[in-house]
Amino acid sequence: MHSFWQLWRTTTFRLTALLIAVFVVFAVSLLGYLAYQTSIMIQRQQIQAIDREIDQLNNQYQRQGPRGLIVALQRMANRPGPGIYFVSDLSGLPIAGNVDSVPVEVLENPGTHTYRYDHDSNFEGSGGQSRGFALVKSFESPSGFRLVVGRDIVERRGFAAIIFQAFGWGVLWIIVMSVAVGLFTARSVLRRIDTVSETAGKIMRGSMSERIPVTKRNDEYDQLATNLNAMLERIEQLMQGLKEVTDNVAHDLKTPLTRLRNNVEGALRDDASKEQQRAALETTIEECDQLIRTFNALLLIARVEAGTPSGTFVDVNFAEVIADITELYEPVAEDAGISITTEVEDLPTFKANRELIGQALVNLIENAIKYAKDAKSDPTIKVSLKRNNGHVIIDVADNGPGIPQEDRERVLQRFVRLEKSRSEPGSGLGLSLVAAVARLHKGEVEILDNSPGATIRLQIPTER
Amino acid sequence: MKILLIEDDREAANYLIQALDEAGHVAHHAADGETGYAMASSMDYDILIVDRMLPRRDGLSIIESLRAEGDETPALILSALGEVDDRVTGLRAGGDDYLTKPYAFSELLARIEVLARRSAPAEAATTLTVGDLSLDRLSRNVEREGEKILLQPREFRLLEYLMKHAGQVVTRTMLLENVWDYHFDPQTNVIDVHMSRLRTKIDKGRKSALLHTIRGSGYMISA
Numbered sequence: 178m179h180s181f182w183q184l185w186r187t188t189t190f191r192l193t194a195l196l197i198a199v200f201v202v203f204a205v206s207l208l209g210y211l212a213y214q215t216s217i218m219i220q221r222q223q224i225q226a227i228d229r230e231i232d233q234l235n236n237q238y239q240r241q242g243p244r245g246l247i248v249a250l251q252r253m254a255n256r257p258g259p260g261i262y263f264v265s266d267l268s269g270l271p272i273a274g275n276v277d278s279v280p281v282e283v284l285e286n287p288g289t290h291t292y293r294y295d296h297d298s299n300f301e302g303s304g305g306q307s308r309g310f311a312l313v314k315s316f317e318s319p320s321g322f323r324l325v326v327g328r329d330i331v332e333r334r335g336f337a338a339i340i341f342q343a344f345g346w347g348v349l350w351i352i353v354m355s356v357a358v359g360l361f362t363a364r365s366v367l368r369r370i371d372t373v374s375e376t377a378g379k380i381m382r383g384s385m386s387e388r389i390p391v392t393k394r395n396d397e398y399d400q401l402a403t404n405l406n407a408m409l410e411r412i413e414q415l416m417q418g419l420k421e422v423t424d425n426v427a428h429d430l431k432t433p434l435t436r437l438r439n440n441v442e443g444a445l446r447d448d449a450s451k452e453q454q455r456a457a458l459e460t461t462i463e464e465c466d467q468l469i470r471t472f473n474a475l476l477l478i479a480r481v482e483a484g485t486p487s488g489t490f491v492d493v494n495f496a497e498v499i500a501d502i503t504e505l506y507e508p509v510a511e512d513a514g515i516s517i518t519t520e521v522e523d524l525p526t527f528k529a530n531r532e533l534i535g536q537a538l539v540n541l542i543e544n545a546i547k548y549a550k551d552a553k554s555d556p557t558i559k560v561s562l563k564r565n566n567g568h569v570i571i572d573v574a575d576n577g578p579g580i581p582q583e584d585r586e587r588v589l590q591r592f593v594r595l596e597k598s599r600s601e602p603g604s605g606l607g608l609s610l611v612a613a614v615a616r617l618h619k620g621e622v623e624i625l626d627n628s629p630g631a632t633i634r635l636q637i638p639t640e641r
Numbered sequence: 121m122k123i124l125l126i127e128d129d130r131e132a133a134n135y136l137i138q139a140l141d142e143a144g145h146v147a148h149h150a151a152d153g154e155t156g157y158a159m160a161s162s163m164d165y166d167i168l169i170v171d172r173m174l175p176r177r178d179g180l181s182i183i184e185s186l187r188a189e190g191d192e193t194p195a196l197i198l199s200a201l202g203e204v205d206d207r208v209t210g211l212r213a214g215g216d217d218y219l220t221k222p223y224a225f226s227e228l229l230a231r232i233e234v235l236a237r238r239s240a241p242a243e244a245a246t247t248l249t250v251g252d253l254s255l256d257r258l259s260r261n262v263e264r265e266g267e268k269i270l271l272q273p274r275e276f277r278l279l280e281y282l283m284k285h286a287g288q289v290v291t292r293t294m295l296l297e298n299v300w301d302y303h304f305d306p307q308t309n310v311i312d313v314h315m316s317r318l319r320t321k322i323d324k325g326r327k328s329a330l331l332h333t334i335r336g337s338g339y340m341i342s343a
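Line order of the protein sequences matches chains G and S. My numbering numbers the first residue of the first sequence as 178 and each following residue consecutively. My numbering numbers the first residue of the second sequence as 121 and each following residue consecutively.
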């Protein structure tokens, strides 16, 4: 469970909060503006109504004199409703109306006024409230009366208050809800992120095979998780490779180093003749060269696996590379009693690293020569090039003893040499370099049956 | 030959200088990039051997500066880096050849001798002759003792390269690089098999042999 402050610090929550703030500001200003405009409009209507009544009173006065005016006013005053009517003489003594008194400053200054007053439930609809709020116009009639006509606007005020209250609650509700939604989203996002952090933590503690769980939702987090998992897979493979290499280096390099040391020690023995010493030194150089070759192969594999810059990719005519390399090896094969045939389709050039493709092909052919030697009859190597399903396919097939199904994965790894070939020269790195070259070109190496023999297939996608 | 060796590993440098001396060359030594550059630009050398990673100034920039000044002294780059892209950057910087450490001294010697004498007229000659063997580069005719010898295209290029550097040792890797245009480490006997076929065609049944195997180094053609 996450503490509130943890959630508060998340980007999701902060963005939600920001959104809420912006929304609330907009809502408040919009509603405020609406309320303000409404109240102005209502007031204008009320003033118009008041003006109409004043006109009526004036008419009465002109037709029937002061008496008519007072009668008309009292009639209006007796009507139920929020109307306020008041008439006094010049000294302020009330003559008629539905309120007991009107503030002196209202009476003495003709014009529009608003004021608070106490009233005694003299009109219906006030609900017995004792406080009122008046909007009135006062004026002096020509015959020496002071008249006040107006409306009690407590109701209107109450209405506005209700709107504002509802509005306030609404805003509060929005804020509460959005905070809740924000916290909820933040928490669900954080929970997904936590699974990533947790997995990362486990991996850092050494459990390399941990993977980030992927849900079925296939949303952006799942895509991220899938990609991260692919990355972890690759890292684990590299780590595994490194570990194997270290183990194998220890084994496969220590052996020749020991031989080397023994040789030199032998040469240093007092009774060693000059010829013996010379022979020992020559063997030493040979051993050194073999070691250097192994090292170079290892380094090359490591660099290929790390990915060489794409600048080394040029347009390569695969048929030409095959022709070059088979021609280079043909005499060697022939001396070993092996014939090399080629079956090459005419293909356009593809972007590839020519040197490495050449080197891979050399390794494949050297490998095939080793195997073909053990063929029951008519040892043959067949190199073919074709294009299939968007892949350039180079097959090197021999008719030797073949590679057992269970060993096929293993021979592509570094330093793996099958028992049969232990006695042959070779570092056990040939095929793993081919595999690395294939990976560099986003392709792969497959070992197939040639019955009899093995076909090693290097396939490289034409589009990368 | 007068050689400038720019190499910061003192022990390797001492060994090289002594070995070059025994091979009949005069070698000067600079232990860092700046000194090396100063010596290369102030004195006349037949060849420069430049380590790629040097204190104070790296080997490639020395060669680049010299080339920018119009100094075309052949330069061989020594490097612990050996991948294709490193070789390409090295040659692009103006280096003439590239050798990866660790290397055999015989390889280095063969390469610098070929490099230093590269400008010889043999480069342009249309007919190459060694003793009674002649090779016409235009008609692609090869004759020995006036007798025509039929060669495969690759054998022709192999012989052409050897004759261009007649009297000089060429190593197996040099042959692979220059005749086949691949830079990998050959399984030693790949080239040997080709050479023995060529030898059969050139020398077999003749009074004198022209193709010589130089033990521990490579091959040489000479009368």
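Glycine included, every Cβ here is placed at the ideal spot set by N, Cα and C. Fair warning: this is a prediction, and the values are worked out from it, not measured in the lab.
Point to revise | Check whether R177/S and S199/S have beta carbons under 7 Å apart | key: Not a contact, by the Cβ cut-off of 7 Å.
**Study point:** Element boundaries [beta strand (DSSP E), containing I123/S]
**Key:** Segment 122-126, the beta strand (DSSP E) holding I123/S.
Check your understanding: Once you ignore the five residues that flank A195/S on each side, which residues in its own chain have a CB closer than 6 Å to its CB?
Key -> The answer, listed in chain order, is L168, V170, I183, G215, D216.
Point to revise | Buried/exposed call for G287/S, threshold 16 Cβ in 10 Å | key: G287/S sits exposed, since fewer than 16 C-beta atoms from the chains shown fall within 10 Å of its C-beta.
Practice item. For I352/G, name the three-state secondary structure that DSSP assigns. Key: In the displayed model, I352/G falls within a helix according to three-state DSSP.
Check your understanding: Between the stretch 272-290 of chain S and chain G, which residues of the former have a C-beta closer than 7 Å to a C-beta of the latter?
Key -> Cβ contacts with chain G come from R274.
Exercise for review: Consider the Cβ of V573/G: report whether some Cβ of chain S lies at a distance smaller than 7 Å.
Suggested key: The beta carbon of V573/G sits no closer than 7 Å to any beta carbon of chain S.
Review point. Where does T187/G fall in DSSP's three states?
Key: Correct three-state label for T187/G: coil.
Point to revise | Cβ neighbour criterion (16 or more within 10 Å) applied to G252/G | key: Checking the sequence shown, residue 252/G turns out to be Arg, not Gly. Per the 10 Å Cβ criterion, exposed.
Practice item. Could you spell out where the alpha helix (DSSP H) holding T632/G opens and where it closes? Key: Looking at the DSSP string, T632/G is not in any alpha helix (DSSP H); the run it does join, the beta strand (DSSP E), is 631-638.
Review point. DSSP state of V281/G, grouped into three classes?
Key: Correct three-state label for V281/G: helix.
Review point. At a cut of 8 Å, does the stretch 609-619 of chain G reach the stretch 476-483 of chain G through at least three beta carbon pairs?
Key: In this structure the stretch 609-619 of chain G lies against the stretch 476-483 of chain G, because at least three pairs of beta carbons, one per stretch, are closer than 8 Å.
Practice item. Figure out for me which residue from I580/G, G607/G, N566/G, D295/G has the closest Cα to the Cα of P638/G. Key: Closest option to P638/G, Cα to Cα, is N566/G.
Check your understanding: How many angstroms separate the CA atom of N236/G from the CA atom of G209/G?
Key -> N236/G and G209/G: Cα-Cα distance of roughly 41 Å.
Practice item. Find the residues of chain G that neighbour H314/S, judging by a C-beta separation of less than 7 Å, and give them in chain order. Key: Simply P508.
Point to revise | Length-filtered (3 minimum) beta strand (DSSP E) runs lying within the stretch 458-508 of chain G | key: Complete beta strand (DSSP E) runs here, min 3: 491-493.
Check your understanding: Between G607/G and A537/G, what straight-line distance do the alpha-carbon atoms span, to the nearest angstrom?
Key -> Straight-line measurement puts the Cα of A537/G at about 8 Å from the Cα of G607/G.
Review point. Hey, how far is the Cα of T188/G from the Cα of R394/G?
Key: Approximately 22 Å between the Cα atoms of the pair.
**Study point:** When G321/G, G359/G, R411/G are compared against L196/G, the one with the closest alpha-carbon
**Key:** The alpha carbon of L196/G has as its nearest neighbour, out of G321/G, G359/G, R411/G, the alpha carbon of G359/G.
Check your understanding: Taking DSSP as the reference, what is the three-state secondary structure of F203/G?
Key -> Correct three-state label for F203/G: helix.
**Study point:** Supposed close pair T518/G, N494/G - CB separation, criterion 8 Å
**Key:** Going by Cβ atoms, the distance from T518/G to N494/G rounds to 20 Å, so no, they are not a contact pair.
Check your understanding: Taking the alpha carbon of I197/S as the point to measure from, which residue in D191/S, P175/S, L255/S, I232/S has its own alpha carbon closest?
Key -> Closest option to I197/S, Cα to Cα, is I232/S.
Exercise for review: For the alpha helix (DSSP H) holding T155/S, just list the boundary residues, first then last.
Suggested key: Here the alpha helix (DSSP H) through T155/S covers 153-162.
**Study point:** Residue span of the beta strand (DSSP E) that contains L248/S, given as start and end
**Key:** Here the beta strand (DSSP E) through L248/S covers 247-250.
Review point. Among N261/S, R187/S, L279/S, E227/S, which one has its Cα closest to the Cα of A143/S?
Key: The residue with the shortest Cα to Cα distance from A143/S is E227/S.
Check your understanding: From this set, L445/G, V264/G, T435/G, which residue's C-alpha is nearest V326/G's C-alpha?
Key -> In terms of Cα proximity to V326/G, the closest of L445/G, V264/G, T435/G is V264/G.
Point to revise | Rounded C-alpha distance that separates G514/G from I546/G | key: Rounded to the nearest whole angstrom, the CA to CA distance from G514/G to I546/G is 10 Å.
Check your understanding: Cα separation between Y506/G and H314/S?
Key -> So the two alpha carbons sit approximately 9 Å from each other.
Review point. Quick one: what's got a C-beta closer than 6 Å to R455/G's C-beta in the same chain, skipping five residues either side?
Key: So no residue of the chain qualifies.
Review point. Can S320/G and P259/G be called in contact, C-beta distance under 7 Å?
Key: When the beta-carbon positions are compared, S320/G and P259/G stay at least 7 Å from each other.
Review point. Could you give the distance in angstroms between the alpha-carbon of R334/G and the alpha-carbon of V356/G?
Key: Their backbone Cα atoms lie some 33 Å apart in a straight line.
Check your understanding: Would the beta-carbon of H145/S fall within 7 Å of that of M121/S?
Key -> Yes, they are a contact pair.
Point to revise | Buried or exposed (CB count within 10 angstroms, at least 16 for buried), S609/G | key: With 16 or more other Cβ atoms within 10 Å, it is buried.
**Study point:** Residue of Y398/G, E397/G, E375/G, D396/G minimising C-alpha distance to E671/G
**Key:** Examination of residue 671/G is not possible in this model, given that chain G is present from 178 through 641 alone.
Practice item. Could you check if R531/G is buried or exposed, using at least 16 other CB atoms within 10 Å of its CB as the buried criterion? Key: Counting the other Cβ atoms within 10 Å of the Cβ of R531/G gives 16 or more, which makes it buried.
Exercise for review: Indicate whether I644/G and V560/G have their beta-carbon atoms separated by less than 7 Å.
Suggested key: Residue 644/G is absent from the model: chain G starts at 178 and stops at 641.
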